[in-house]
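Take the sequence shown: its position 249, counting from 1, is numbered 264 in our numbering, and each next residue is one higher.
Every residue gets a Cβ at the ideal spot worked out from N, C-alpha and C, and that includes glycine.
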Amino acid sequence: MNQPLAYVHPQAKVAKNAVIEPFVNIEKNVEIGEGTWIGSNVTIMEGARIGKNCKIFPGAVISAIPQDLKFDGEDTIVRIGDNTVIREFVTINRGTKANWETVVGNNCLLMAYVHVAHDCIVGNNVILANAATLAGHITIDDYAIIGGLSAVHQFVNIGAHVMISGGSLVRKDVPPFTKAAREPLSYVGINSIGLRRRGFSAEKINEIQDIYRYIYLRGNNVSQALEYIEANLPATSERDEIISFISRSSRGIMKGYAKQA
Numbered sequence: 016m017n018q019p020l021a022y023v024h025p026q027a028k029v030a031k032n033a034v035i036e037p038f039v040n041i042e043k044n045v046e047i048g049e050g051t052w053i054g055s056n057v058t059i060m061e062g063a064r065i066g067k068n069c070k071i072f073p074g075a076v077i078s079a080i081p082q083d084l085k086f087d088g089e090d091t092i093v094r095i096g097d098n099t100v101i102r103e104f105v106t107i108n109r110g111t112k113a114n115w116e117t118v119v120g121n122n123c124l125l126m127a128y129v130h131v132a133h134d135c136i137v138g139n140n141v142i143l144a145n146a147a148t149l150a151g152h153i154t155i156d157d158y159a160i161i162g163g164l165s166a167v168h169q170f171v172n173i174g175a176h177v178m179i180s181g182g183s184l185v186r187k188d189v190p191p192f193t194k195a196a197r198e199p200l201s202y203v204g205i206n207s208i209g210l211r212r213r214g215f216s217a218e219k220i221n222e223i224q225d226i227y228r229y230i231y232l233r234g235n236n237v238s239q240a241l242e243y244i245e246a247n248l249p250a251t252s253e254r255d256e257i258i259s260f261i262s263r264s265s266r267g268i269m270k271g272y273a274k275q276a
C-alpha cells in the first residue's frame, strides 16, 4: 500500500499488500513480504529481508550496521522469518563478515526495547521479553523464552525449550529443556510446563528430568555425566540433543544451584 507520508526507496522490494504506515523510512536493498504491517516511525535500513505477515511496531530499527568496531562496511543482511512480531523500539543489527547475517526465525515475539546484535541466530517460536539484550554471535534454538531485562553474553548458545528468568545475566550456555534462574545463573529444573504445553508426554518429560539428574544432581562432573548417560540411558532424540549441545559447548554450561553456606 502506497503511503505518501512514508519514504520507500525505489529499489526496495515491498509486496503489494504490505501495509506501510506514515513516517516509515525504508532504504534500498530491502525486501518485505506479503501481508506484513510496518507501523509508523519504523526505520528499515539496507540489508533487511522481512518475511510474510510480520508486524513491526512504531520506533523499531531493523538492519542498522553492527555496533562492532571491526565492522568494515561489508555487505551483510538481517533475515526475519514469517509471522514474527517486533514490538516498539526493538533494534536488530545486521551481520558482519563473521556470519554475514543476523537471523530471527518464524513465529517469534520480540517485545519492546529488545536488542539483537550482529550475527545472532534466533530460531523459530522464540520469545524475547521486554528489554532482553543479545550481544553478538548468540544462538537461540526454537521455543526458548528469555525473560525481560536479561543480558546474554556474546557467543552464548541457548538450547531449545529453555526458560530463562527475568533480569538474568547469561554468561554460560544453557542446555535444552531447562529452566535457568538465580545469580550466578543456575539450573533450577526442566521446563516441564512449557514442554507439556508443546505436547511432550509425561514419560518424555520424566526421561529428560532423569538425564539432568545425572548432569546436575548426582555429584558428577560434566564429562562423567555425559559418559554415563550415553552408556546407560536409552538413545532418544532428546537424549542425543542434550549430549550434542553440551559436548559442543565452548563456553561451558551453566552450573547447578548450590546453596550458600
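In this chain, the alpha helix (DSSP H) harbouring Ser-238 covers 237-247.
In the structure shown, Ala-217 falls within a helical segment according to DSSP collapsed to helix, strand and coil. Annotated as proximal: Asn-206 and Phe-192, with beta-carbon spacing under 8 Å.
Contact annotation: Lys-70 and Asp-97 have beta-carbon atoms that are not nearer than 8 Å.
In this structure, the CA atom of Lys-28 is about 10 Å from the CA atom of Arg-64. Take the alpha-carbon of Ile-77 and the one of Leu-232: they are about 43 Å apart. Contact annotation: Thr-111 and Phe-86 have beta-carbon atoms nearer than 8 Å.
Taking the Cβ atoms as the reference, Ala-127 lies roughly 21 Å from Arg-109, outside the contact range of under 8 Å. For Leu-124, the secondary structure class from DSSP, reduced to helix, strand or coil, is strand. A Cβ-Cβ contact shorter than 8 Å links Ala-147 with Ser-165. For the pair Gly-267 and Asp-157, the CB atoms are not nearer than the 8 Å cut-off.
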